[in-house]
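In the numbering used here, the protein residues as written are 1059 to 1303. From the three backbone atoms N, C-alpha and C, an ideal C-beta is built for every residue, glycine too. None of these values were measured; they are calculated from a predicted model.
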């Protein structure tokens, strides 16, 4: 049978076997995995590197997980556990939706390895399911018909997924270059404007770049994100007002 998810394994599986190496458990292994993924990235992560960090043999790790995929799926859900979730039964749905979107964006930027894993696995760990449940509860309260709820969720959170993924990749490039975000942006813009093949589009967009505002890259990214999110929420409100069909 093809692998489905570490969360669908039988209770008392790897986590409950006797004769396991002392000083290890899934929680510790998962925590160190998250730290290594943050430090080295997904491409450089290996079970051998993890074992060295834990000061055990690679085979010792396999007492707790069957495969590297299982471990990455555990790390993915651990990251989702960092999200602050509101009480979906109280408060304004718009404010709660903005807060959830902002939290998710920050998570994707903080852990650039998360976005490819979120697209690879089922995302049915307890923290991921809690996040999905709260999103569904919040969007239900907007007043959309039942058939429109999943579409609204997709519009908002697939946008956030894309925005946060690109922003996370930008942060990785900045770190690799040993620059600040503003230094990297200025260097890139200078190179683009001095290259004939790309200079024209920058010139054509100069008024938009000026109107965008923001003295720093962080401010520009925040303004674009906030405006785009406001557009999406306004779209939900408009669909509710006209009685979405």
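Assign residue 1202 to buried or exposed, taking buried as 16 or more other Cβ atoms, counted over all protein chains shown, within 10 Å of its Cβ.
Working through the chain shown from its first residue, we reach residue 1202 at position 144. Under this definition residue 1202 is a buried residue.
Can you say whether residue 1170 is buried or exposed, counting buried as having 16 or more other CB atoms within 10 angstroms of its CB?
Reading the chain shown from its first residue, position 112 is the one you call residue 1170. With 16 or more Cβ atoms within 10 Å of its Cβ, residue 1170 is classed as buried.
Cα-Cα, which of 1292, 1179 and 1245 is closest to residue 1062?
Numbered from 1 along the chain shown, position 4 holds the residue referred to as residue 1062. When only C-alpha atoms are compared, the closest one is 1179.
Could you say if the segment 1155 to 1165 and the segment 1216 to 1230 meet the contact criterion of at least three C-beta pairs nearer than 8 Å?
Contact holds: three or more Cβ-Cβ distances are below 8 Å.
Would residue 1192 pass as a contact of residue 1254 if the rule is Cβ separation under 8 Å?
Reading the chain shown from its first residue, position 134 is the one you call residue 1192. Reading the chain shown from its first residue, position 196 is the one you call residue 1254. Not in contact: residue 1192 and residue 1254 (Cβ atoms no closer than 8 Å).
Across the segment 1135 to 1155 and the segment 1100 to 1115, are there enough close Cβ pairs to call them in contact, namely three or more that are closer than 8 Å?
The segment 1135 to 1155, when compared against the segment 1100 to 1115, does not touch it at the 8 Å Cβ threshold.
In the structure shown, what three-state DSSP assignment does residue 1181 receive?
Here residue 1181 refers to the residue found at position 123 when the chain shown is read from its first residue. Looking at residue 1181 - three-state DSSP - the assignment turns out to be coil, as it is neither helix nor strand.
Among 1225, 1137 and 1213, which residue has its Cα nearest to the Cα of residue 1187?
Along the chain shown, one-based indexing puts residue 1187 at 129. Checking every option, the nearest Cα to that of residue 1187 belongs to 1137.
Would you mind stating whether residue 1225 and residue 1167 have Cβ atoms separated by less than 8 Å?
Taking the chain shown and counting its residues from 1, one reaches residue 1225 at position 167. Taking the chain shown and counting its residues from 1, one reaches residue 1167 at position 109. Yes, Cβ-Cβ distance for residue 1225 and residue 1167 is below 8 Å.
Hey, how far is the Cα of residue 1153 from the Cα of residue 1117?
Taking the chain shown and counting its residues from 1, the one referred to as residue 1153 is at position 95. Taking the chain shown and counting its residues from 1, the one referred to as residue 1117 is at position 59. Spanning the two alpha carbons is a distance of roughly 48 Å.
Measure the Cβ-Cβ separation of residue 1091 and residue 1108 and say whether it is below 8 Å.
In the chain shown, residue 1091 corresponds to position 33, counting from 1. In the chain shown, residue 1108 corresponds to position 50, counting from 1. Cβ distance < 8 Å, so residue 1091 and residue 1108 count as in contact.
Taking just the CA atoms, how far does residue 1064 sit from residue 1274?
Mapped onto the chain shown, residue 1274 falls at position 216. Mapped onto the chain shown, residue 1064 falls at position 6. Distance between the alpha carbons of residue 1274 and residue 1064: 42 Å.
Residue 1085: which of 1271, 1066, 1130 and 1096 sits nearest, CA to CA?
Locating residue 1085 in the chain shown gives position 27, counting from the first residue. Of the listed residues, the one whose Cα sits closest to residue 1085 is 1130.
Check the C-beta distance from residue 1176 over to residue 1132 and give it rounded, since I have them as a contact under 8 Å.
Locating residue 1176 in the chain shown gives position 118, where the first residue counts as 1. Locating residue 1132 in the chain shown gives position 74, where the first residue counts as 1. 14 Å between Cβ atoms; not a contact.
Residue 1083 lies in the alpha helix (DSSP H); which residues open and close that run?
Reading the chain shown from its first residue, position 25 is the one you call residue 1083. Premise fails: residue 1083 is in no alpha helix (DSSP H) and is neither H nor E.
Let's see if you can read the secondary structure: which residues bound the alpha helix (DSSP H) around residue 1169?
Counted from its first residue, the chain shown places residue 1169 at position 111. Unbroken run through residue 1169: none, as it is neither H nor E.
If you measure between the beta carbons of residue 1165 and residue 1141, is that distance less than 8 Å?
Locating residue 1165 in the chain shown gives position 107, where the first residue counts as 1. Locating residue 1141 in the chain shown gives position 83, where the first residue counts as 1. Closer than 8 Å, so yes.
Does the distance from the C-beta atom of residue 1122 to that of residue 1087 stay below 8 Å?
Locating residue 1122 in the chain shown gives position 64, counting from the first residue. Locating residue 1087 in the chain shown gives position 29, counting from the first residue. Cβ atoms of residue 1122 and residue 1087: closer than 8 Å.
From 1285, 1181 and 1209, pick the residue whose C-alpha is nearest to that of residue 1066; which is it?
Along the chain shown, one-based indexing puts residue 1066 at 8. When only C-alpha atoms are compared, the closest one is 1181.
Let me confirm a value: residue 1300 is counted as buried when at least 16 other C-beta atoms fall within 10 Å, else exposed. Which label applies?
Indexing the chain shown from 1 puts residue 1300 at position 242. Exposed.
What residue ranges within the segment 1079 to 1141 form continuous alpha helix (DSSP H) runs of no fewer than 4 residues, ordered along the chain?
Counting whole runs of 4 or more residues, the segment 1079 to 1141 contains the alpha helix (DSSP H) stretches 1084 to 1098, 1105 to 1112, 1116 to 1119 and 1126 to 1138.
State the Cα-Cα distance for the pair residue 1196 and residue 1250, rounded to the nearest angstrom.
Taking the chain shown and counting its residues from 1, the one referred to as residue 1196 is at position 138. Taking the chain shown and counting its residues from 1, the one referred to as residue 1250 is at position 192. Cα to Cα, the separation comes out at about 43 Å.
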